[in-house]
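Report on one structure; see the data block that follows.
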Amino acid sequence: MPVSHPTVYEPLTEQGAISLAVRLGLFPEGTPLACREIGDGNLNLVFRVVDQQTKKGIIVKQALPYAKVVGESWPLTLKRAVIESNALRTFASYVPQYVPKVYYSDESLAITVMEDLSHLQIARKGLIEGKTYPLLSQHIGEFIAKTSFYTSDFGMNQQEKKQLAQSFVNPELCKITEDLVFTDPFFNHETNNFEDELRDDVEALWNDDKLRLEVAKLKRKFLTEGDALIHGDLHTGSIFASDEETKIIDPEFAFYGPFGFDIGQFFANLLLNALSRPEQQQEPLFAHIDKTWDVFATIFSDLWRTHNVEPYAKTEGLLEDVLHHTFIDAIGFAGCEVIRRTIGLAHVADLDGIEDKEERLQAKRYALRLGRSLILQRETLSSTKEIRSLFAQTVLAATN
Ligand code: SR1
Ligand code: MG
């Protein structure tokens, strides 16, 4: 019996995902297939279609016309599926080893069919279990360095860059970040979500004019600086990892943004995990922060020297200036991310999963202080190594 396939948008069912996989010829005819919806993110449906004999699978991801984390009352553009598949393809042209292969995409159905990464684990989950992923920072540093250099005015034809930037204009998803990362947590806004016991700490943030000024400067950078094609949501839940491999997923927030944003979000999520660990297990996370920056700066600098298309490339001091501002911005963006993941709409399991209530509240108070220090002291840090002492001072200050 012929199977009919939707041509106008409707949410897929598990059976629909199987039919799509068959229609695309992704499995040999007659393969016994099973499917389960496995999405645990904030926004999309994710189906895993698997050959029941070989256990080999594919992923069918579909954007919903609203934010799953809130419900149908928060409508959200389906165009993010095209942004995601195009970003994966663009990233793959520079670093295919770090992104899932895209097999198929359909703009009107908001579907991307891609490589199944079930042999890996979401890095946030593994880090919460105490894993350290020895190559994680090497890979993330290389991913960010190469994708951001090659999509910037230093790494590609500057006219083509503008056209590429135009194809990644992503206003609705950027607005989520503008609101949830840079605005709402610093105001008494209805999207915020925190325990009553934290109210005094949170109100202190809302009344902190010095902090607000610095967050406003960082938000302005996010709004206006189109350095490179960035992932836009590079937290540890957007990374699949094992001891050997790293894959970056979910670039639906991709757009032309500041060089330091992805680095800052990644740092922040490592720090949030560090806050959930006993002190003696925190060092691998600080080491990952050091390594991410070292690898990023080394590869970006090599590419700058060997592949730069900008006539000013050899001007003494320019590379150092770009790196210096990228570093400071990354620290500031990290501070905003740490704060929003603690009191904003979208939390992280690293902190929310701390079972003991007092310990959890204490970790969240530390997170608020750490976020504030990162933002206010970003220009005084000269290397990532100093994040350790900032972290220690923040925690000590909170216990005294
Ligand atoms: C309504 S979306 C909430 C968060 O989930 C995404 O992964 C982004 O981090 C966003 O801020
Ligand atoms: Mg996501």
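So that you can map any letter, position 305 of the sequence shown is 305 in the UniProt record's numbering, and since no number is skipped, the others follow by simple counting. Using N, Cα and C, we set each Cβ at its ideal position, and we do this for glycine too. It should be emphasised that the depicted structure is a prediction, and the values quoted were computed from it without experimental measurement.
- Of all alpha-carbon atoms in 256, 214 and 27, the one lying nearest the alpha-carbon of residue 378 is that of 214.
- The three-state secondary structure of residue 247, taken from DSSP, is strand.
- DSSP places residue 257 inside the beta strand (DSSP E), whose first and last residues are 255–257.
- The Cβ-Cβ distance between residue 15 and residue 32 does not fall below 9 Å.
- Excluding the 5 residues flanking it on each side, residue 11 has same chain C-beta neighbours closer than 8 Å at 45, 62 and 64, in chain order.
- Taken through DSSP and simplified to helix, strand or coil, residue 110 comes out as coil.
- Taking every protein chain shown into account, the CB of residue 162 has fewer than 16 other CB atoms within 10 angstroms, so this residue is exposed.
- Excluding five sequence positions before and after residue 388, the CB atoms of its chain that fall closer than 6 Å to its own CB belong to 286, given in chain order.
- Residue state for residue 33 is assigned as strand, using DSSP reduced to three classes.
- When secondary structure is reduced to three states using DSSP, residue 138 falls in the helix class.
- For residue 47, the enclosing beta strand (DSSP E) has its first and last residue at 44–51.
- Short note on residue 342: C-beta not closer than 8 Å to any heavy atom of ligand 1.
- For residue 337, the distance from the CB to the nearest heavy atom of ligand 2 is not below 8 Å.
- Inclusion of residue 127 and residue 245 in the CB contact set at 9 Å is not warranted, their separation being larger than that value.
- Within the same chain, and ignoring the five residues on either side of residue 101 in sequence, the residues whose Cβ sits closer than 8 Å to its Cβ are 92, 114 and 115.
- Shortest gap from the CB of residue 85 to any heavy atom of ligand 2: 8 Å or more.
- Positions of the alpha helix (DSSP H) runs, each at least 4 residues long and wholly inside the segment 137–192, are given as 158–167 and 171–177 in order along the chain.
- Annotation for residue 331: the continuous alpha helix (DSSP H) segment containing it runs 318–343.
- DSSP places residue 18 inside the alpha helix (DSSP H), whose first and last residues are 14–23.
- Note: residue 59 is bridge-paired with 48 and 114 in the DSSP secondary-structure output.
- Exclusion of the five residues before and after residue 291 leaves 137, 138 and 141 as the residues of its chain whose Cβ lies within less than 7 Å of its Cβ.
- Judged by DSSP secondary structure, residue 358 falls outside any beta strand (DSSP E) and instead within the alpha helix (DSSP H) spanning 357–377.
- Around the beta carbon of residue 40, fewer than 16 other beta carbons sit within 10 angstroms, so the residue counts as exposed.
- Between residue 147 and residue 24 the beta-carbon gap is near 28 Å, outside 8 Å, which marks them as no contact.
- Relative to the non-hydrogen atoms of ligand 2, the Cβ of residue 43 comes within a distance shorter than 8 Å of at least one.
- For the pair residue 251 and residue 87, the CB atoms are nearer than the 9 Å cut-off.
- DSSP places residue 126 in the uninterrupted alpha helix (DSSP H) bounded by 123–128.
- Between residue 108 and residue 9, the C-beta spacing is below 9 Å.
- Distances taken from the Cβ of residue 172 to the heavy atoms of ligand 2 include none shorter than 8 Å.
- When the five nearest sequence neighbours on each side are left out, the beta carbons in the same chain lying within less than 8 Å of the beta carbon of residue 277 are those of 130 and 285, in order along the chain.
- With contacts defined by Cβ atoms closer than 9 Å, residue 254 and residue 122 do not form a contacting pair.
- Here the distance from the Cβ of residue 70 to the nearest heavy atom of ligand 1 is below 8 Å.
- In the DSSP assignment, residue 301 falls within the unbroken alpha helix (DSSP H) covering 283–307.
- In this structure, the alpha-carbon of residue 363 lies about 21 Å from that of residue 384.
- In the DSSP assignment, residue 105 is bridged to 112.
- Excluding five sequence positions before and after residue 223, the CB atoms of its chain that fall closer than 7 Å to its own CB belong to 178, given in chain order.
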